[in-house]
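Report on the structure given below.
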Amino acid sequence: MIPTSGIENDAKRYADECSKSPNASWQGCYASYLDSMSSETVFSIPLIKKFTYADLKKSQLALGLDLKGGMSVLLQVDLRDFMKSLAQGNTDPAFTQALDKASELQKSQQGDYISLFSQAWKETSAGKPLATVFARNESLKNQINFNSPDPDVLRTIRTLADGAVEETYKRLKQRIDKLGVVQPNVSLDAARDLILVELPGIDNPERARNMLQRSAKLEFWDTYRLTDNNLSQRFVDADLRLRALLSGDTTANTAQTRKDTSYVY
388 MIPTSGIEND AKRYADECSK SPNASWQGCY ASYLDSMSSE TVFSIPLIKK
438 FTYADLKKSQ LALGLDLKGG MSVLLQVDLR DFMKSLAQGN TDPAFTQALD
488 KASELQKSQQ GDYISLFSQA WKETSAGKPL ATVFARNESL KNQINFNSPD
538 PDVLRTIRTL ADGAVEETYK RLKQRIDKLG VVQPNVSLDA ARDLILVELP
588 GIDNPERARN MLQRSAKLEF WDTYRLTDNN LSQRFVDADL RLRALLSGDT
638 TANTAQTRKD TSYVY
């Protein structure tokens, strides 16, 4: 499409000038210009529709890797840190050994990480229940307790891990959209926690590599309802104590204890 060619020629001219500055690369300037134009209207059909640069690029016919060249990348979603996060830093040697073994098995076997971890845990745990690793995680208290059998624990972990892999896949697609590649192919092999990425005609492989490899930190936070364990009353008590302290009441700083003064005769 002519409008996109015009924008790309402008980007090249901009990059020629921009790259003369210290610490500025031609590719970086070129990509920056195209990024700035991605949401700008560059073509319109009167009374019908307006098109941005990104719209026109997406509507172009992709030539494919075999005709136009590009990048093909196979990414493995690393669930080791995810498991450690769920275990909240549990230092049980059997757990650490199982993680190490699962990571090693992943290099030579086709299974997903949770299945490989399950296999490794049976070898390192000496019969210890898997629930002992995860039961202290407050965010899992409705799914895992110290009496939960291993199959139930693994089922819960697998569900959470599948969600993490799916979220990684979605975030990766969002990153790729920002590269301005025409019709990229991104596919998920959920059975092995693998994501295949094909980027036809990519003109800045280094930028694409950095964007794909950038880690997305997934964090878990404990949440509470106001009805949990009289939580709302605790806020009221804290507010009253703070108000007393601000008014100069020094007794509010004094720890109070309760004593049963009733007697039974």
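Take any residue in the sequence shown, note its place counting from 1, add 387, and you have its number in our numbering.
Glycine included, each C-beta is placed from N, C-alpha and C at the ideal position.
Nearest Cα to Trp508 within the set Gln570, Leu486 and Leu581: Leu486. The alpha-carbon of Leu527 is positioned some 20 Å away from that of Ser502. Using a 10 angstroms sphere on the CB of Ala441, the tally of other CB atoms reaches 16 or more, which defines it as buried.
Check the Cα spacing between Gly550 and each of Gln561, Asp580 and Val573: the tightest is with Asp580.
For Ser472, there is no enclosing beta strand (DSSP E); the residue is found in the alpha helix (DSSP H) stretching over Arg467 to Leu473.
The C-alpha of Ser495 lies about 51 Å from the C-alpha of Phe430.
Using a Cβ distance threshold of 8 Å, Val520 and Phe482 count as a contacting pair.
With contacts defined by Cβ atoms closer than 8 Å, Leu599 and Val460 form a contacting pair. Taking C-beta atoms as the reference points, Asn591 and Ala418 count as a pair closer than 8 Å. For Gly588, the secondary structure class from DSSP, reduced to helix, strand or coil, is coil. The Cβ neighbour count for Phe504, taken over all protein chains shown within 10 Å, is at least 16; the residue is labelled buried.
The straight-line gap separating the alpha-carbon atoms of Gly514 and Lys471 is approximately 20 Å.
Its chain contains Leu583 as the residues whose beta carbon lies nearer than 6 Å to that of Ser574, once the 5 sequence neighbours on both sides are disregarded; these appear in chain order.
Gln463 sits in a strand when the DSSP states are folded into three classes.
Asn524 and Asn410 have their C-alpha atoms some 47 Å from each other.
Beyond the five residues adjoining it in sequence on each side, Asn477 comes within less than 6 Å, by CB distance, of Val520 in the same chain, given in chain order.
One Cα belongs to Ser423, the other to Phe438, and the distance between them is close to 15 Å.
Nearest to Asp397 by alpha-carbon distance, out of Cys416, Ser408 and Ser412, is Cys416.
Taking all protein chains shown into account, Ala625 has fewer than 16 neighbouring C-beta atoms within 10 Å of its C-beta and is therefore exposed.
An exposed status is given to Ser392, since fewer than 16 other beta-carbon atoms sit within 10 Å of its beta-carbon. Counting only runs of at least 4 residues, the stretch 472-527 fully encloses the following alpha helix (DSSP H) elements, listed from N- to C-terminal order: 480-492, 500-511 and 518-521. Going by DSSP, Thr439 is part of the beta strand (DSSP E) stretching over Lys436 to Thr439. Leu547 is a Cβ neighbour of Leu473, given a cutoff of 8 Å. Inclusion of Leu466 and Tyr500 in the CB contact set at 8 Å is warranted, their separation being smaller than that value. In the displayed model, Gly415 falls within a helix according to three-state DSSP.
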